[in-house]
Structures are given as C-alpha cells and as structure tokens.
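Here's the structure we're looking at; comments come further down.
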Amino acid sequence: MPAQTKALQIALPLLALMAAPLASGSAAHHHAASVGPASHAPIGVMGDHRHKAGEWMLSYRVMDMRMEGLMQGSSQVSAGDVTGTMMMPGNYMVAPTRMDMEMQMLGAMYAPSDDLTLMLMTSYKRNEMDHVTRMGMRFTTRSEGLGDTKVGGLIRLFEADDHSHTLHLNAGLSLPTGSIDEKDDTPSMADAKLPYGMQLGSGSLDLLPGITWQAYQGAYNWGAQLSAVLPMERNDNDYRLGNSAALTVWLARKATDFLSYSLRLTGESQGKIDGERDDLNPMMVTTADTDNYGGDRLSLSYGLNAYIPDGALRGHRFALEYTLPLHQDLNGVQLEREPYFTAGWQLAF
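Counting along the sequence shown from 1, when you hit position 215 you're at 215 in the numbering used here, and nothing is skipped either side.
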C-alpha cells in the first residue's frame, strides 16, 4: 500500500476526532493559555510562539533522518540505472544508496518586550553516506561537526485582546559557522573533498524570513507558518544553495492536563544549486552534480507534546513528532527521504 494511502487512512479519522468538538461548538470558549501541552506548535515547527517580557526559554531538539533508494523526479530508479555497467556505462561512476543524518539543535529565546522575542540556535550534525561504484564496490563517507548558527527575532504584528489569535513576523539570519570543506577517503582518492550534501553548512549568509499565525479555542491550537531560506551570495567555494520555501499547517488537541497530540501537513520546495565547486567532478557521483539538488516535497507529521504541570520537572516540555513523506518530486537523481523522528525538550522561565 502506498505511503500516501496509509497516511490518509490514519490521518483522516484522527483529524475527524480532533475536530468534532470544534464543529459541534462544544469548545466555544476562546482563550490562549501560555502554559499547557497545546500552547505550543508541534516540535518540528521553529519560531512558532513569542514570550512575555523578561521571559527566557531554552530548547533542545534532535532529528534523525534516513534517505534510502534513488528517485529521478517522482519515480524510483536503481543504482544500476544510474551507474550502468562497464559495457554500458551510465551517467555517473558512483551512486549513493543510503544517507543517515542526525542533527542536534540547541536554542535560546529571550523577550525584551511583549512585542519582540529574540532567538539563537546552533546545531551539531553527523552525516553518513553509503555508495556503490560501477564495478560494484561499496564504500561509506562521513562528516561531523558544528552546523550553521541562526539568529533572529519574532515581531508581533497582531494579537487579539483575549489572545485567541496571534500573528508575528519571523525575521532571521543564518550565519555560516558550518564547514563547507569536509573531506573523507574514497576508493579513488584519500582525503577527497565531499559533495555538497555532505557539507555541514551553506557557507553563505542566508536570510530567514517568515510569518506565523496561531489560534486557540478551548483545548485546541491550530496555526500556519510560511518560511523561506534565501542564501544571499555564493560562498568561498563558488556556489550558492538553492532558495527554499516551506508552508506548514497544524492542528493540536489537548488530551489531558499534561498531554496533547497533533497533526501537521508540510509542503517544501527548493531550487537547484547555483554555481559549482571546481574541485568536484560532476560525473563522478550524483551528489557532486548541482542539477541533482532541490525539488518539491509533501509530508504529514504526527506529534505528541507533554507539559509537566508540577513536581520536580514543573514547566518542562517534552515532545516527539513522526514525519511521513507523502510525495517527493526531486530535481535530477536523489536519495528518497524515509519517515523520520524529531524529539525535543523546552523550558521557559
């Protein structure tokens, strides 16, 4: 059964269950609690809420993603289709077969006023990619280290008197603290420069504009966020990652005083890489060809959010989100994204 069908079979009954009280009007009282399990967006949404003047929040997230199997556009292809054979060579000498990516994110927020919340987030990344050559030899490359650092602010645009609806501007910059010169050994060369997707950062100063809307009604929280990543220049290796944009919408329902669950739908689009490194052979491996980056993706996420109301962990939040890809239409030949988890912790004080 296709992943899209499975996801819809799970999501539609759950969505109906979550929305039933809204339709019946049984949750007609409007309020926006600043605490509680449904007062924040799912953990996969960044910059979703502002804070009161003088309030701090610390956060930690970990995302563990796997990409496996190749796609050309929206169709699956094999590594043999990409590399060919010695008698009938394909377009590339090497094809990736799997990539594991782990990203740990540490963030801090501070509100100097009710109208502005400042943000800082840094990350640590681990990448591992398996390959197969035209001759059938298999090898793995790895990269690990600090990623790019994001700074910015959440600026209030509108807030209802009863706090039931809020709208804020996301304004940020991504600073190029992640390496773009990662190397590893390959069968053809020791200490070889790794392709674009194995680097730890963009190498450029990137604009991070966005806008976020949230609403609250009784036990419910729903909202939407439109965001973009806009690299401002080519980096020191003479390339610029493609512009990207994402739209995510969610609905969360409070199940108990300490637990809520959510559904989230996300559409993403990214352009191809502009420019190229002069020390990478684009015919060697698909990931060294700038035409094989970017594309469109649609995914559905299921989330749990726990808020500890009292005791030794009072005020702590713990959250988990499972993301299931529904559709992928990729530029060129790329690895297919598999379902993945995002987990996190938050504490405001």
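Every residue gets a Cβ at the ideal spot worked out from N, C-alpha and C, and that includes glycine.
Based on the DSSP secondary-structure assignment, which residues constitute the bridge partners of residue i?
| i | result |
| --- | --- |
| glycine 107 | Ser59, Met121 |
| serine 329 | Position check: residue 329 holds aspartate in this sequence, whereas serine was assumed. In the DSSP output, where bridge partners are listed per residue, aspartate 329 has Asp296. |
| glutamate 276 | Looking at the DSSP assignment, glutamate 276 forms no beta bridge with any residue, so it has no partner. |
| isoleucine 43 | None; isoleucine 43 has no bridge partner. |
| threonine 286 | Looking at the DSSP assignment, threonine 286 forms no beta bridge with any residue, so it has no partner. |
| phenylalanine 341 | Asp64, Tyr322 |
| asparagine 221 | Tyr216, Ala252 |
| asparagine 305 | Ser260, Ala319 |
| serine 244 | Val229, Gln270 |
| glycine 36 | In the DSSP output, where bridge partners are listed per residue, glycine 36 has none listed. |
On the three-state DSSP scale, how would you describe residue i?
| i | result |
| --- | --- |
| alanine 79 | helix |
| glycine 311 | coil |
| threonine 97 | strand |
| tyrosine 92 | coil |
| methionine 87 | coil |
| aspartate 236 | coil |
| aspartate 291 | helix |
| leucine 320 | strand |
| methionine 67 | strand |
| proline 112 | strand |
| alanine 348 | strand |
| glycine 54 | coil |
Using only the alpha-carbon positions, how far apart do residue i and residue j sit?
| i | j | result |
| --- | --- | --- |
| glycine 136 | arginine 98 | 15 Å |
| proline 112 | glycine 69 | 47 Å |
| arginine 305 | histidine 165 | In the sequence under discussion, the amino acid at residue 305 is asparagine, which differs from the arginine named in the question. Straight-line Cα distance between these residues: approximately 21 Å. |
| aspartate 257 | proline 309 | 8 Å |
| threonine 186 | arginine 126 | 18 Å |
| alanine 33 | arginine 138 | For alanine 33, the pLDDT reaches just 48, beneath the cut-off of 50, and the residue's location in the model is therefore unreliable, leaving the point undetermined. |
| glycine 218 | histidine 51 | 20 Å |
| serine 269 | methionine 103 | 21 Å |
| methionine 357 | serine 123 | It is not possible to answer for residue 357, since the shown part of the chain is limited to 1 through 349. |
| leucine 116 | leucine 207 | 18 Å |
| glutamine 76 | leucine 330 | 11 Å |
| aspartate 100 | threonine 212 | 30 Å |
| methionine 86 | threonine 287 | 21 Å |
| arginine 314 | methionine 57 | 14 Å |
With respect to 6 Å, is the separation between the Cβ of residue i and the closest non-hydrogen atom of the ligand SAH below this value?
| i | result |
| --- | --- |
| glycine 201 | Among the components of this structure there are no ligands whatsoever, and the ligand SAH is therefore not found. |
(message) With three or more C-beta pairs closer than 8 Å as the rule, is the region 331-340 touching the region 37-44?
(response) For the pair of segments examined, the region 37-44 was found not to touch the region 331-340: the number of CB pairs separated by less than 8 Å stays below three.
(message) Which complete beta strand (DSSP E) runs does the region 173-212 hold, if anything under 3 residues is left out?
(response) With a minimum length of 3 residues, the continuous beta strand (DSSP E) runs that stay inside the region 173-212 are 183-186, 189-193.
(message) Would the region 235-242 count as touching the region 193-209 if we require 3 or more Cβ pairs under 8 Å?
(response) Output reads yes: the region 193-209 touches the region 235-242.
(request) Would you mind listing the beta strand (DSSP E) stretches within the region 122-177 that are 3+ residues and don't spill past its ends, in chain order? (result) DSSP assignment within the region 122-177 yields the following whole beta strand (DSSP E) runs of 3 residues or more, N-terminal first: 138-146, 149-159, 165-175.
(message) Does the region 189-199 come into contact with the region 166-173, if we say contact requires no fewer than three beta-carbon pairs (one atom in each stretch) closer than 8 Å?
(response) With the cut-off at 8 Å, the region 189-199 and the region 166-173 do not touch.
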